[in-house]
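Student: Below you'll find the structure I mean.
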Amino acid sequence: MALTQATGAAAPPLVDASAIHRPRTLLVKLPRPVRRAGGPLLLLLLWQLLGDGRILAPPSAVLAAGWELAETGELGVHLLASLTRVAQGLALGIAAGVLFAVLAGLFRSGEDLLDSSLQILRALPTLGLLPLVIIWFGVGELPKVALVAYGTMFPVYINTYAAIRGVDAKHVESGQTFGLGRAGLIRHVILPGAVPGFLVGLRFALTSSWLIMIIAEQLNATSGIGYLMNQAQSWYRTDIIVLGLLIYGVLGLGADVLVRFLERRLLTWRHGFGGA
Amino acid sequence: MGAVVAENVRRSFDGREVLAGIDLTIGPGEFVALLGRSGSGKSTLLRAMAGLDSGYTGRLRVPGKRSVVFQEHRLLPWKRVLDNVTLGLRNATAQGRAALGEVGLAQHERAWPVTLSGGEAQRVALARALVREPDLLLLDEPFGALDALTRIRMHALLQELCGKHEPAVFLVTHDVDEAILLASRVLVLSANGRLALDLPVDLPAGRDRGTPGFAALRARLLTELGVSEEPAGVSVAR
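Going down the list, the protein sequences come from chains W and H. In this text, residue positions in the first sequence follow our numbering: the first is 1035, and each later residue adds one. In this text, residue positions in the second sequence follow our numbering: the first is 3, and each later residue adds one.
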């Protein structure tokens, strides 16, 4: 190797350029879903070792309780009741949130009419409405569904509305120059551009839907996971209480997986930074 | 009858008049370049022609079939390349593919815009403009954000495609060389919002910077733009 040493400067120590920012190989060999499950599994193990039936039942007792309830069919009934409520509430809340966001986002008059009202209503704590909701809708399914719908509408509305307003005016302009009418602009430019914001809202909505459901079912219900847990409290059955919490947790995780799946499907066009 | 007829077009922003009575006729198939210093209202005139600004006074007639290529490609990031090209058109897949073929990107029709290089994206924007068979092609500094090598290739491509489709072209640029190379007529918009100069480019097709007459025209335009030519060999306004 012919090195031209023009000056008397000493050669600096060299490092391999590929080693400067190489991602650490720890756990990288495992598939992504396995890596994501690793943390929770470790937590479970610790809990099994330290758990005590009277204060906090260990996972084995929780599973046994789960098995017992599943065999009698009780668990399925309660799970289905909770899932149905959440699904109905979410469907209503998301639909209302998107509808209001589109109206307020697209039309100046819609914004004037809706946005300030929704911002005021949003400031009310959703669960604070419970007594009123019970007076209005009684103690059946309706109050729970209504509360979930109410609570999930706002995150969907706020994020979708902001995303619609955040669509780049240059894209709207280029749509106009290429012959898109109002409907075409909404369909090809504004709504697709608002999808990332909508998905953020959806994520928040899914989280708050469970939160509302837990409280609503514990206060006033004859079925559902929250009811199951409330009953267990009277009998000091920490295993069933933990089972209920576990189910809520698993459902929350499932919701997260669902949103991730939707993001992958709907946002393939965004090859942004995906995390190191 | 021209492809563009402007009579006494005026436009002010907050009391400042950037277009102070523009009279201009562009013939069908004519390639006109508009030079001007930044902030002189070049793009304002183009946006009025594009139908993106209705705040002007005076009379401005443009063809119904017109397309724009902006400095940024302005492709919709959530639509694949071919869908961007055929945006707003019905049953235009075949024409869209043909237009992509013309700009040499036929194999990229399923790509997302974010994966394209700057030059590629601008070629897609050109295909999107030309697939509409416009009678007037409006170019708003379309090569301003490209690197010098890509810009040279884009110049050649634009000349080839304009020769083929023969739209009237209105090119807004601050690059004097680009204006002389591409256009058959060069206008200069002065700081007071009027057309200060309207010159035909009487140079042979396939001209380059060494063509006799190029330097003289360039010097004249630069003087009009208020840039004094520096000693020979030093490139100005690049």
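Beta carbons: idealized from backbone N, C-alpha and C, even for Gly.
Could you tell me which uninterrupted beta strand (DSSP E) segments, each at least 3 residues in length, are contained entirely in the segment 1168 to 1209 of chain W, listed from first to last along the chain?
Tutor: none
Student: Enumerate in chain order the residues of its own chain whose CB-to-CB distance from M156(H) is below 6 angstroms, with the five nearest sequence positions on each side excluded.
Tutor: Residue 156(H) sits at position 154 when you count from the first residue of the second sequence. These residues qualify, in order along the chain: F145.
Student: Taking the alpha helix (DSSP H) that T1106(W) belongs to, which residues open and close that run?
Tutor: Here residue 1106(W) is taken as the residue at index 72 of the first sequence, counted from 1. Taken as a continuous stretch (DSSP letters only), the alpha helix (DSSP H) holding T1106(W) covers 1093 to 1106.
Student: How many Å lie between F1194(W) and F1238(W) at the Cα?
Tutor: As a position in the first sequence, residue 1194(W) is number 160, starting the count at 1. As a position in the first sequence, residue 1238(W) is number 204, starting the count at 1. The question names Phe, but residue 1194(W) is Thr in the sequence shown. Taking the straight line from one Cα to the other gives about 12 angstroms.
Student: Rounded to whole angstroms, what's the CA-CA distance from I1183(W) to A5(H)? Just pull it up for me.
Tutor: Within the first sequence, the letter at position 149 stands for residue 1183(W). Within the second sequence, the letter at position 3 stands for residue 5(H). One point to set straight first is that residue 1183(W) is Ala, not Ile, in the sequence displayed. In a straight line, the C-alpha of A1183(W) is about 57 angstroms away from that of A5(H).
Student: For chain W, is any of its Cβ atoms less than 8 angstroms away from the one on L62(H)?
Tutor: Here the question's residue 62(H) lines up with position 60 in the second sequence. By this cut-off, L62(H) is not an interface position.
Student: Closer than 9 angstroms between beta carbons: that is the criterion. Which residues of the segment 1190 to 1215 of chain W meet it against chain H?
Tutor: D1202, K1204, H1205, E1207, S1208, G1209, Q1210, T1211, F1212, G1213, L1214, G1215
Student: For A1310(W) and A1053(W), what's the separation of their Cα atoms in angstroms?
Tutor: Position 276 of the first sequence, counting from 1, holds the residue named residue 1310(W). Position 19 of the first sequence, counting from 1, holds the residue named residue 1053(W). The predicted model places A1310(W) with a pLDDT of 40, which falls under 50 and marks its position as unreliable; any figure quoted below should be read in that light. If you take the alpha carbons of A1310(W) and A1053(W), they lie about 15 angstroms apart.
Student: So who's on the other strand from P202(H), going by DSSP bridges?
Tutor: Position 200 of the second sequence, counted from the first residue, corresponds to residue 202(H). Bridge partners of P202(H): R187(H).
Student: By Cβ distance below 8 angstroms, which residues in the same chain neighbour V236(H) in space, the five residues on each side in sequence not counted?
Tutor: On the second sequence, residue 236(H) is found 234 positions in, with the first residue counted as 1. With a pLDDT of 49 at V236(H), under the threshold of 50, the modelled position of that residue is not reliable, and the figure given next carries that caveat. Closer than 8 angstroms at Cβ, skipping near neighbours: no residue.
Student: Have a look at S1257(W) and L1113(W) and give me their C-alpha separation to the nearest angstrom.
Tutor: Locating residue 1257(W) in the first sequence gives position 223, counting from the first residue. Locating residue 1113(W) in the first sequence gives position 79, counting from the first residue. The alpha-carbon atoms of S1257(W) and L1113(W) are separated by roughly 9 angstroms.
Student: Given a limit of 8 angstroms on CB to CB distance, which residues of the segment 36 to 59 of chain H reach chain W?
Tutor: A52, G53, L54
Student: Looking at the C-beta of P1226(W), does it have a partner C-beta in chain H at a distance below 8 angstroms?
Tutor: Sequence index remark: in the first sequence, residue 1226(W) carries index 192 (1-based). By this cut-off, P1226(W) is an interface position.
Student: In this structure, does DSSP put D1149(W) in helix, strand or coil?
Tutor: Along the first sequence, one-based indexing puts residue 1149(W) at 115. Three-state DSSP puts D1149(W) in a helix.
Student: For my contact list, G31(H) and A170(H) are in at a C-beta cut-off of 8 angstroms; report their separation, rounded to the angstrom.
Tutor: Residue mapping note: residue 31(H) aligns to position 29 of the second sequence, counting from 1. Residue mapping note: residue 170(H) aligns to position 168 of the second sequence, counting from 1. Their Cβ separation, rounded to whole angstroms, is 6 angstroms, which keeps G31(H) and A170(H) in contact under 8 angstroms.
Student: Within a Cβ cutoff of 6 angstroms, which residues of the same chain sit near R240(H), ignoring the five residues on either side of it in sequence?
Tutor: The residue you call residue 240(H) lines up with position 238 of the second sequence. Only weak support exists for where R240(H) lies, its pLDDT of 43 falling under 50; the value from the coordinates is given anyway. Closer than 6 angstroms at Cβ, skipping near neighbours: no residue.
Student: Under 8 angstroms between the Cβ atoms of L1117(W) and L1109(W)?
Tutor: Stepping through the first sequence from its first residue, residue 1117(W) is reached at position 83. Stepping through the first sequence from its first residue, residue 1109(W) is reached at position 75. Contact flag unset, no.
Student: G247(H) bridges to which residues according to DSSP?
Tutor: This structure gives no information on residue 247(H), because the portion of chain H shown stretches from 3 to 240.
Student: For Q1082(W), which residues from the same chain have a beta carbon less than 8 angstroms from its beta carbon, with the 5 sequence-adjacent residues on both sides left out?
Tutor: Position 48 of the first sequence, counted from the first residue, corresponds to residue 1082(W). The answer, listed in chain order, is P1092, P1093, S1094.
Student: Does DSSP classify T95(H) as helix, strand or coil?
Tutor: Working through the second sequence from its first residue, we reach residue 95(H) at position 93. Three-state DSSP puts T95(H) in a helix.
Student: Please work out which residues of its chain come closer than 8 angstroms, Cβ to Cβ, to L126(H), disregarding the five sequence neighbours upstream and downstream, and give them in chain order.
Tutor: Within the second sequence, residue 126(H) is the residue found at index 124, counting from 1. Before going further, note that residue 126(H) is Val rather than Leu in the sequence given. H75, L77, V83, N86, V87, L102, V105, L107, H110, P115, L118, listed in sequence order.
Student: How is D25(H) classed by DSSP in three states: helix, strand or coil?
Tutor: Residue numbering aside, residue 25(H) sits at position 23 when the second sequence is read from its first letter. Reduced to three states, the DSSP call for D25(H) is strand.
Student: What ranges does the alpha helix (DSSP H) occupy inside the segment 1225 to 1253 of chain W, keeping only unbroken runs of at least 4 residues that lie completely in it?
Tutor: 1225 to 1253
Student: If we define contact as Cβ-Cβ less than 8 angstroms, is R76(H) a contact residue for chain W?
Tutor: Locating residue 76(H) in the second sequence gives position 74, counting from the first residue. Cβ-Cβ to chain W under 8 angstroms: yes for R76(H).
Student: Would G212(H) pass as an interface residue toward chain W - the criterion being a Cβ-Cβ separation below 8 angstroms?
Tutor: In the second sequence, residue 212(H) corresponds to position 210, counting from 1. Not an interface residue.
Student: E187(H) and L201(H) look like a contact to me (Cβ under 8 angstroms); what is the Cβ gap, rounded to whole Å?
Tutor: Your numbering for residue 187(H) matches position 185 in the second sequence. Your numbering for residue 201(H) matches position 199 in the second sequence. The question names Glu, but residue 187(H) in the sequence shown is Arg. Between L201(H) and R187(H) the Cβ distance is about 7 angstroms, and since that is below 8 angstroms, they are a contact.
Student: Output yes or no for whether 8 angstroms exceeds the beta carbon distance between P1177(W) and V1167(W).
Tutor: In the first sequence, counting from the first residue as 1, residue 1177(W) sits at position 143. In the first sequence, counting from the first residue as 1, residue 1167(W) sits at position 133. A contact, by the Cβ cut-off of 8 angstroms.
Student: Please look up how many angstroms separate the CB atoms of G1260(W) and Q1252(W), rounded, as I've assumed it's under 8 angstroms.
Tutor: In the first sequence, residue 1260(W) corresponds to position 226, counting from 1. In the first sequence, residue 1252(W) corresponds to position 218, counting from 1. G1260(W) to Q1252(W), Cβ: 4 angstroms. Contact.
Student: Taking contact to mean 3 or more Cβ pairs, one atom from each stretch, closer than 8 angstroms, check whether the segment 93 to 100 of chain H and the segment 1206 to 1222 of chain W are in contact.
Tutor: Short answer: they don't touch.
Student: Against chain H, does R1298(W) count as a neighbour if the rule is that its beta carbon must be under 8 angstroms from one of theirs?
Tutor: Here the question's residue 1298(W) lines up with position 264 in the first sequence. Not one chain H Cβ lies under 8 angstroms of R1298(W).
Student: For V1136(W) and I1198(W), what's the separation of their Cα atoms in angstroms?
Tutor: Here residue 1136(W) refers to the residue found at position 102 when the first sequence is read from its first residue. Here residue 1198(W) refers to the residue found at position 164 when the first sequence is read from its first residue. Their backbone Cα atoms lie some 8 angstroms apart in a straight line.
Student: Considering just the uninterrupted stretch of the alpha helix (DSSP H) at V1284(W), what are its terminal residues?
Tutor: As a position in the first sequence, residue 1284(W) is number 250, starting the count at 1. Unbroken alpha helix (DSSP H) run through V1284(W): 1272 to 1300.
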